[in-house]
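Read top to bottom, the protein sequences are chains A, B, C and D.
Our numbering numbers the first residue of the first sequence as 1 and each following residue consecutively.
Our numbering numbers the first residue of the second sequence as 1 and each following residue consecutively.
Our numbering numbers the first residue of the third sequence as 1 and each following residue consecutively.
Our numbering numbers the first residue of the fourth sequence as 1 and each following residue consecutively.
Glycine residues also receive a C-beta, built at the ideal position from the N, C-alpha and C atoms.
All of these numbers come straight from a predicted model, not from anything done at the bench.
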Amino acid sequence: MPLRLAFAVGFLALALLAALQPWLRFVLTLALATGLAVLGIMMLLRAGQVSFGHALYVAVGAYTIAFARPQLDDVLLLLAAAVLAAVVAGILVGLFVSRYRDIFFGMLNLAFSMVVYSLLEKLYWLTRGTDGIRVARPRLFGVALEGARYEWALFALALVCVAIAAALVARYLRAPAGEALSALKTRETRLEFAGVSARRVLFQAYVVSAGLAGLGGGITALATLHVTPLLVYWTHSGELVFVAILGGTANVLGPFLGAVVFELVRVHAAAAFPDAWQMILGLVLLGIVLLAARGLVGLLEELGRWWGRRV
Amino acid sequence: MIRTTRRQAVAVAASALAAPWILPRSAIGQQKPSEIRIGISTFLSGPASVFGVPGRNAADLLIEQMNARGGIQGVPIKALVIDEAPGVNFLLGECRRLAQNENVDVMFASISSASCLAVAPLAEELRLPNIMWDCGTQRIFEEGKWRYSVRTQANAVPEIVAPLLYLLKMRPDVQTVAVVNQDYAWGRDSWAIWKTAMEAIKPGIRVLAELFPKFGATDFSTEITRLQALRPDVVFSTSWGGELDTFLRQAAERRLFERSLFVLPLAESSLERVGKTLPEGVIVGARGDHWFLHPIAKDTDRLKNFVSEYRKRYGQYPIYPTYHMAQALFALEAAYTKAIAANGGAWPSREQLMDTLRGLEFEHLTGRMKIREDGQGLEPMLVGVTKHVPEYPFPVLDQMVLFPPELTMNPMGTKGLEWVKGLTMETVAKAPAPIPYKA
Amino acid sequence: MELLLLLALLDGLAYAAQLFMVAVGLTLVFGVLKILNVAHGSLFAIGAYSASTLAALAGTPWLSLLALALAALAVGAIAGPSIERGLLARIYDKEQVLQLLLTFALFMILEDVQKLVWGVQPVFEDAPVRALGPVVVGGIVYTAYQLILLPGLAVVCLLFLVWFLRRTVTGRMILAVAHDREAAEAIGIDSRRIYLLAFTIGAGLAALGGALAAPTTSLVPGVGVQTIVLSFAVVATAGLGQIEGAAATALLVGLGRSFAVYFAPELEVVVPYLLMVIVLVLRPSGLFGGRELRRI
Amino acid sequence: MVGETRVSSPLLEARGLVLAFGGVRAADGIDLDVNEGEILAIIGPNGAGKTTFLNMVTGYLRPQAGSIRFRGREITGLTPRRIVRLGIARSFQIPQLFTEHTVLENLALQLAAREGFWAPFAPLLSRARSERALALLERFGLGELASVRADALDEGARKLVDVAMATALAPRLLLMDEPTSGVAASEKHAIMDRLVSALRREGVTAVFVEHDMEVVARHADRVAVWSNGKILAQGPPATVLADPAVHREVLGVEVAPC
C-alpha cells in the first residue's frame, strides 16, 4: 500500500528532522496538529464546501484544555475532553450549517467563528481576553515530564494521533458516506433522488471534521501551553483552507504534507524576510493555485508517473 | 551506498534522540563570545506595528552606535528580529528557533502582553535570559516568579495611576467620566485599574458610559455622538495607534474637546501624527520616564544625539517604544558590565546575568532607573498637558509631572488591582510640582 | 428618548453608507464571476492609501475631494484589469475553492505590498472632511462629510448601479452573464469581456469605498482585513449578487450596530453576524436571493 | 377501504395537477393513472410539460394544485428522498451522474443508498456490491465502462448509466426521461429490448418520456400525449399514434422533415 509507505517514510523524515533540529520538534508538532484540522477541512472540500471558520473548533479544543486543566492532569484525558467538546460544538453548529451550501456555508461558518472570537475577547473575566490563558504542563500516564522529554512525548503522541486519524479517515472516505461527499459536490440532487440525505452526509463529515480540528487544537494547546483568541480569528481559518489546497485533497497524506511544508516555509520566510513573510506565503499559494491545482500530493503523483516513464 | 546511508541515518537519529539529555551549551562554560546575539520579538505587521517598527528602528540605530563604540565589553551585538503578529503559536516556535538554532544569548520579548505571558515560561525552560522590553500587563510578575525574565520598564499600574493622580490634582472637581477603550485585554485591564483607583481616591465620580469599540475599529462616530449627548467631564481612553488617531481627529472635527477633558495615557505616541488637530489642555501620558523633550534630560547630549539621529534616519520623532527598546539595551549593557566586573573579568553565565539584572540600576536615554528583585522595572511616569507652541507643528507637553514609582507602583508581592484600592487624596497631594514647558 | 433614537438613526445611516460602499463591489463581483474576492479588502485599503496620498498633494481642501474620486478611478482601472486578466482569467475553469484561494493569496501579497509602499505609521488626511465642515443636529455636532456626503454618495451609487444594470445594454449583458453564463454566451455575449468589466467595476467600487473612508479614519496595516469580514457577512446576508440587497443589509447592520452602541454596547461586535444568522434561518438564500432550481 | 386494496387500483394516480412558471402553464390540470405492471410512454412536443410531470411525481417540484397518490398514499409535497424510499425512482433528461466517480462507483452508490449506506468503515466497493453493480451494468451493455470516470463518457453512455442508476434502486415505479436520447440509433432498440424485458420480468411499472415513435410503438403498453400542460389523448399506441390530432401536435412539430 503506497499510502502507508508514504506515511511511514514521512514519519521517519519528521522524526529525523525533529532530532537534528530541536526547535523543529515544536514547530512540527504544531504542523501535525494543523494537519489534523486540515484533514477535516479536506473532507468538507471533497464535498465542495469551504469552511471559512473551522479555526472555531481548533479554538474549542484548545480552550477546553485551558479550562479543564485545573481539574484534569493527564494529557490523554485532556485531549479526549478537547475532542468531545469540539464534537459537541460541531453537532450544534453542524445541524444548522449543513443545510447551506457554497458561500452561505462558508460565511455562516465564518460568522460562528467570529462570534466566538469576539466572545473570547469580551468575556474577559472568564477568558482573560487577548492575554490568553496559561496551561500548566500536564502529566502523561501519571509521569511529569520536563522540557525536551515533554516535547518528544507530545511529538510522538501527535504522530500516533495522525496515524490513527489518517487511517480512520481514509477508510471513511472509501465507505459510502465518504464517497458520497464528492457525489454531493458533483450532483447533490442525484443523492437525494437515491434516497440519501445529502444534509446528513455533510453533517456527519462536518462533525468528524470538528472533532479532528478539536484534536488538533488540543495538541496545539498542549504544545504551546498558552491559548489566545487569535486561534479562532478568520485568517487562521483561511490558513487551514490554504494548507488543504497546498497539500491537495486527493488522499489523506495531503493535509499533513501541506501542513509541514506550510510551517517550514513560514518559519524560513519569517527568518529570511521578517518584514515580508506574508508575501512569500502568498506567492507560494499563488504558484500552487496557478501551476499545481492538485496540491503537493498531485505534484508527487505526477513526479511518480514521470519517474515511472523514465525507468 | 544504500547501506551506508541507512547506517548513517540510524546513527544520526540515535545521537539525536540522546541529545535532549545532554546539557545545553551555555551551562558548560563561559568563554567570551564572538558576539552577543539578541532575539527581538516585535510587531512588524498588523496595527501594532506602529509601535513594533519604531522599536525595531531604535534597536537598529542603538546597536549600530553601541557596536561603533566596540559593543558591550568589546563584544559586538547582533539582533535577530521576529514578527509577533501571527500570534503565540508562531512566536513560541520562533523563540525556540532563535534559542536553539540561532543560539541567541538574550531574548527581548515582546510588545503584546499575550506574547510576554507565553514567552516567560519558555524562557525558564530554555534557560534563556529574557528582557521584556515593552509589554504592559502587571500580571506577569504578580502571578509568576520568573528566574530568566525581567522587565526594563514600568507596567500598566503606574501608567494608569499617574494620569489619574494628575487629573485629580488638576481638576479635583470632576463629577462624571466616560471611557472609550479598545475591546481587548489592555483596554479592559487599564479601565479596571482606573475605575478601582478612582473609586478609592474620590468616591462618587459617576461613570456615564463604558464604551468598548472593537479592536481595530475605523470609525468612532457613534461613540462620539454618545459622548456629545452625555457630556461627561472627563473622557478617558487608553487607545493607541491608528485607532487613537482616528478617535482624536473625529472628536476634534465634532468639537468634543470643547465639552470634555480628555485623559490619554498613551497619546505621546500619537502627538506628531495628529498634530495641532489635538487642542491644548488634553492630559497625555508617555508610558514612562521619557519624551524627546524630557524636562530633565532634554539638553543632555545622549538624548539630543539620539533624537537627531533617529529623526535623520526615520524622519520622525522617537516615540515611547524607542525609549523602551533603549532601556532594554542599556540595561543589558549595564548588567554585562557589572557582572563581568563582579566576575573578575570573566564572561558571566546566563544565571549570573539574570542575578545581576535584578536590583540593577542603570542609566538610559532620559534618566536612571532600577529593576526590582522580582524583575519588575521601576521608572517614573511623565504626564503633562498639551500646549501649542510655534516651534513644533504638533502639541508639546506642558506642566509636566514626573510621578515617582513609590507613588504609583504597587510594592513587590502585592497585586496592583488590590493595591490601588488603598490610594487616597493624600496620594494626590504628594504629587511632585509640575515643570512647565521650556523651548 | 426621541432624540436618542434620532441620533442612533443618524449614526446608523452614516455607518451603513460606508459599509454599503465596500460591500456593493464585492456583491457585484460575486454575482457575476461567482468568486468571493478576499482581496477586495486589500483593494479597499490601497484605494484609501492612494486617496490619502493624492488628497495630501491636492493643496486645497476642495481639490482634495476631487482627489478621492481620482484615486479610486486610478486604482480600479489599474488593479481591476491586471488582476482579472493576469490571474483570475487563468482559473475560471477550475474549482471555486481555487478561485477563492487565489484571491486569498493575493490578499496576503497585497497586505505586505501596502506595508512596503506606505509604511506602518498611521496615515491620516482629513482635508476633505474639513472642507465640508460641521452640521449640528439637536445640539450634537456632526461632520457634513459623514452625515450628508457619504450617505448621499451611497444613494447615488446605488441608483446609478441599478440604472446601469437594468437600463443600459452593457448592464443587461452583465446581468445576463450573472444569471446564466452559458445561456448568455449562446446569444452571443462575450462573457470574458463581461467578467473583465464586472471585476474592474468591482475593484473600482472597492477603491472608491476606501477612498471615501480615508478622510474619516487612520490607515494602518490591517485596515483591509477589518473591513472585508464585515463585507462578507453583508454579501451573504443580502443574497447572491443582490445590489439592493447589499444596500438593505448595510442599512440593517448599520442601524443594528448603532442601536447596539446606544442600548447594549456589548453586542456591538456580534450584531452583523447575529443578523446574518437570523436572516439565513428565515430566508436560506439571503434577504433578496431567490431560490435557484437546477434544471434536471 | 376495500377499494384501496383492489388489485386493479392504479399504482399512481395524478389528479388535477397545476403548475405555472411565470405565466407558462407547464401543468394545466393533469389527470393520469399508471397501472401496476404497465409500461406507459409519454409523448409530446418540447415544452409540453412532460418533464414537469415527472418532477412533480418525484417531489422535485410541488404542484400548485392537485394531488398525487402512490399505492393509494398521498405523496404530494413529499421530498424526493421520501418518495424514492416509497418506491419511485427516476432517470433524467440531462444525465445526473457523479462525475468524479467511476461508472461502477456511481452504480454502487445507488445500491448503497438502499442498504449499508451509513456503515462508516465498510468500503463502498465491497465485493458483493461491486458484483451487483457490474451485473446491472452488463444489462445495459456497459460492463466495459465500469472503471471509466463518469465525466469521460460520451452522451449516449451517460444516458444509459443514468437509467441504470435509476434501476439500481429497484423501484416499484420507474420514471425515465428520454432514456435513449443521444444513444446511437443502432443500439437504441437492443437496449430498450433488454431494459423492457427486465422490467417486465421483475414486474416493475414504468413511465418513459420518448420522442422516437418507433420505440414507443414497440415498447409501450399505453401512450399519453402531452400538449401545453394538458393530456391531449391516451390509450394503446396503435390507436393514439393513428389519431390525426396527435399526429399534428406531436409528429408535425417533432418529426416533420425540415
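Amino acids of chain A, ordered along the chain, whose beta-carbon sits closer than 9 Å to that of residue i
{"i": "T441 of chain B", "result": "For residue 441 of chain B there is no data in the structure shown, the boundaries of chain B being 1 and 439."}
{"i": "R444 of chain B", "result": "Any question about residue 444 of chain B goes unanswered here, given that chain B covers just 1 to 439."}
{"i": "L109 of chain D", "result": "P176, E179, A180, A183, R190, L191, A194 and V196"}
{"i": "R85 of chain D", "result": "G195"}
Heavy atom of the ligand NAD within 7 Å of residue i beta-carbon
{"i": "L7 of chain C", "result": "Summarising the ligand content, the structure contains no ligands, and the ligand NAD is consequently not present."}
Partners in chain C for residue i, counting only beta-carbon separations shorter than 8 Å
{"i": "Q96 of chain D", "result": "I296"}
Chain B contact residues for residue i, given Cβ-Cβ distances below 9 Å
{"i": "A213 of chain C", "result": "T218 and D219"}
{"i": "L230 of chain A", "result": "P86, G87, V88, N89 and A114"}
Neighbourhood of residue i by C-beta distance below 6 Å, restricted to the same chain and skipping five residues each side
{"i": "V116 of chain A", "result": "L56 and V232"}
{"i": "G40 of chain A", "result": "S209, L212 and A213"}
{"i": "G245 of chain C", "result": "A238, G239, L287 and F288"}
{"i": "G136 of chain B", "result": "N155 and A156"}
{"i": "W62 of chain C", "result": "A131"}
Residue environment, residue i, which counts as buried when at least 16 other CB atoms sit within 10 Å
{"i": "M412 of chain B", "result": "exposed"}
{"i": "P138 of chain A", "result": "buried"}
{"i": "K202 of chain B", "result": "buried"}
{"i": "G217 of chain A", "result": "buried"}
{"i": "L5 of chain C", "result": "exposed"}
{"i": "I40 of chain B", "result": "buried"}
{"i": "W307 of chain A", "result": "exposed"}
{"i": "T5 of chain B", "result": "At T5 of chain B, the pLDDT of 45 sits below 50, so the modelled position is not reliable; the number obtained from the coordinates is stated separately. Burial call: exposed."}
{"i": "G287 of chain A", "result": "exposed"}
{"i": "G23 of chain D", "result": "exposed"}
{"i": "V9 of chain A", "result": "exposed"}
{"i": "N103 of chain B", "result": "exposed"}
{"i": "W163 of chain C", "result": "exposed"}
Contact set between residue i and chain A, taken where Cβ atoms lie within less than 7 Å
{"i": "I148 of chain C", "result": "Ordered by position in chain A, no residue passes the 7 Å Cβ test against I148 of chain C, which lies about 32 Å from the chain."}
{"i": "T118 of chain D", "result": "Per the sequence presented here, residue 118 of chain D reads as Trp, with Thr not at that position. Result: A177."}
Contacts around residue i, its chain only, beta-carbon distance under 8 Å, and the 5 residues preceding and following it disregarded
{"i": "L66 of chain C", "result": "A58"}
{"i": "L142 of chain D", "result": "V103, A157, L160, V161 and A164"}
Proximal residues of chain C, C-beta to C-beta of residue i below 7 Å
{"i": "Q278 of chain A", "result": "M108, E111 and D112"}
{"i": "F92 of chain D", "result": "I296"}
{"i": "F212 of chain B", "result": "P265"}
Beta-carbon neighbours of residue i, restricted to chain D and to distances below 8 Å
{"i": "T189 of chain A", "result": "Y60, P80 and Q96"}
Contacts that residue i makes with chain D (C-beta to C-beta distance below 9 Å)
{"i": "Y124 of chain A", "result": "Ordered by position in chain D, no residue passes the 9 Å Cβ test against Y124 of chain A, which lies about 41 Å from the chain."}
Chain-order list of residues whose beta-carbon lies under 7 Å from that of residue i (same chain, five-residue window excluded)
{"i": "V284 of chain A", "result": "V265"}
Within chain B, the residues that residue i reaches when beta carbons sit closer than 7 Å
{"i": "L30 of chain A", "result": "N89 and G93"}
Under 7 Å by beta carbon: chain D residues contacting residue i
{"i": "Y172 of chain A", "result": "P120 and F121"}
Cross-chain neighbours of residue i in chain A, by beta carbon under 8 Å
{"i": "A250 of chain C", "result": "Simply none; closest approach about 15 Å."}
{"i": "M276 of chain C", "result": "M107, L108 and A111"}
**Asked** For the segment 182-209 of chain B, which residues have a beta carbon sitting closer than 7 Å to at least one beta carbon of chain A?
**Response** Residues of the segment 182-209 of chain B with a C-beta less than 7 Å from any C-beta of chain A: D183, Y184, A185 and R188, listed in chain order.
**Request:** Determine which residues of the segment 49-76 of chain B have a Cβ less than 8 Å from any Cβ of chain C, and write them out in chain order.
**Result:** Result list: S49, V50, G52 and V53.
**Prompt:** Listed from N- to C-terminal order along the chain, which residues in the segment 152-165 of chain B have their beta-carbon within a distance smaller than 8 Å of any beta-carbon of chain C?
**Reply:** Here the close residues number zero.
**Prompt:** Using 8 Å as the Cβ pair cut-off and three pairs as the minimum, do the segment 130-141 of chain B and the segment 161-173 of chain B touch?
**Reply:** Contact between the segment 130-141 of chain B and the segment 161-173 of chain B is absent, because fewer than three Cβ pairs lie under 8 Å.
**Request:** Spell out a yes or no on whether the segment 106-118 of chain C and the segment 247-258 of chain C are touching, meaning 3 or more CB-CB pairs, one atom from each, closer than 8 Å.
**Result:** Touching, no, given that fewer than three Cβ pairs across the two stretches are closer than 8 Å.
**Message:** Which residues of the segment 168-181 of chain D have a Cβ closer than 7 Å to any Cβ of chain A? Give them in chain order.
**Reply:** With the criterion set as a beta carbon lying under 7 Å from some beta carbon of chain A, the members of the segment 168-181 of chain D are L169, in sequence order.
**Prompt:** With a cut-off of 8 Å, do at least 3 Cβ pairs link the segment 364-377 of chain B to the segment 406-421 of chain B?
**Reply:** The segment 364-377 of chain B, when compared against the segment 406-421 of chain B, does touch it at the 8 Å Cβ threshold.
**Prompt:** Pairing CB atoms from the segment 417-429 of chain B with CB atoms from the segment 189-203 of chain C, are three or more of them under 8 Å?
**Reply:** No, the segment 417-429 of chain B is not in contact with the segment 189-203 of chain C.
**Request:** Say whether the segment 37-55 of chain C touches the segment 112-119 of chain C, bearing in mind that this needs 3 or more beta-carbon pairs closer than 8 Å, one atom from each stretch.
**Result:** With the cut-off at 8 Å, the segment 37-55 of chain C and the segment 112-119 of chain C touch.
**Members of the segment 230-254 of chain A near chain C, C-beta cut-off 8 Å** = Taking 8 Å as the Cβ-Cβ cut-off against chain C, the residues of the segment 230-254 of chain A that qualify are W234, T235, G238, V241, F242 and I245.
**Asked** Counting Cβ pairs closer than 8 Å, one from the segment 379-397 of chain B and one from the segment 271-279 of chain B, do we hit at least three?
**Response** Output reads yes: the segment 271-279 of chain B touches the segment 379-397 of chain B.
**Message:** Contact between the segment 187-207 of chain D and the segment 135-151 of chain D is defined here as three or more beta-carbon pairs at a separation below 8 Å; is this criterion met?
**Reply:** Output reads yes: the segment 135-151 of chain D touches the segment 187-207 of chain D.
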